[in-house]
Structures are given as structure tokens and as C-alpha cells.
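As numbered in the working numbering, the sequence shown has no gaps in its residue numbers, which increase by one up to the final residue, 110.
Beta carbons are placed, not taken as given, at the ideal position from N, Cα and C, and that holds for glycine.
Structure first, commentary second.
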Amino acid sequence: MMTRQCLVVPLVVLASLLISTDAFVARSPLAIRTITTSNTASFLAKKKQNVDFSDIETRDMTKAEMLELNSQNEDIMNMELQMMTVFSLVISLPILYLCWVAFFSE
């Protein structure tokens, strides 16, 4: 039973290596041309859909809008920083407890 497993495992590893060993092999020009023509043909076969972007309005933000957006972003970043600090303190509590026990136990 053990000898069968000893033979099967190397055969499976060898088979998987043989299947995936073409990663660093240069392909022939015929294979490359066949691949690109099939991709090109499938690309050209699709009909290009016209998208209407007329309903999108773009304009520059005023200074007041930019300051409001910056204050909102600053509040969000401060909240994220506080949450990251709390999370790291919570994660480090077991380590701090172990250090306390190691140094102050008799």
C-alpha cells in the first residue's frame, strides 16, 4: 500500500509540471498569428454600441465646495485614524498582558 502511494505522488507532481512547463517557452509565429487573428476577429465581430453622454454635466467646483469637501474628507480620515489606533490597541492587549505577567509575576 505504501509503495503505491510513493509511486502515485511523484507521478501526479510530474504530470502537473509537464502540463504547466510551457510558461517560458517561445511560441512559434504561426501560433501567435493564430491567436491574434482569432482575438481580432472576435473583437471586430462585436457591434460597437453608441453611448449617450449628454446627460452628464461637468463643471469646476467652487472654492466653498472644495473647502466643504476637504473638511468632510478630513473628518473621515481622522475617524479612520482613530479607528485604526483603537484596533491596533485592542490587538496588542494580549501581548501587553503577557508582558505584564512576565515582568511582574513572582
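- Message: Taking the straight line between their C-alpha atoms, what separation do you get for N74 and K67?
- Response: If you number the sequence shown from 1, residue 74 lands on position 70. If you number the sequence shown from 1, residue 67 lands on position 63. The alpha-carbon atoms of N74 and K67 are separated by roughly 10 Å.
- Task: Return the CA-CA distance between V55 and E61, expressed in angstroms with no decimal places.
- Result: In the sequence shown, the residue the question calls residue 55 occupies position 51. In the sequence shown, the residue the question calls residue 61 occupies position 57. Taken atom to atom, the span from the alpha-carbon of V55 to that of E61 is near 15 Å.
- Give the straight-line distance between the Cα atoms of F57 and R63, rounded to the nearest whole angstrom. Start at 1 with the first residue of the sequence shown, and residue 57 comes out as number 53. Start at 1 with the first residue of the sequence shown, and residue 63 comes out as number 59. For the pair F57 and R63, the Cα-to-Cα distance works out to about 15 Å.
- Query: DSSP on T62, reduced to helix/strand/coil?
  - Reply: Your numbering for residue 62 matches position 58 in the sequence shown. The DSSP-derived three-state label of T62 is coil.
- Item | Straight-line Cα distance separating C103 from S109 | As a first step, residue 109 is located in the sequence shown; it is residue number 105 there, counting from the start. As a first step, residue 103 is located in the sequence shown; it is residue number 99 there, counting from the start. So the two alpha carbons sit approximately 10 Å from each other.
- What residues in its chain sit with their C-beta under 7 Å from that of L85, if we drop five residues either side in the sequence? On the sequence shown, position 81 is the one that residue 85 refers to. Leaving aside the five residues that flank L85 on each side, none in its chain has a CB nearer than 7 Å to its CB.
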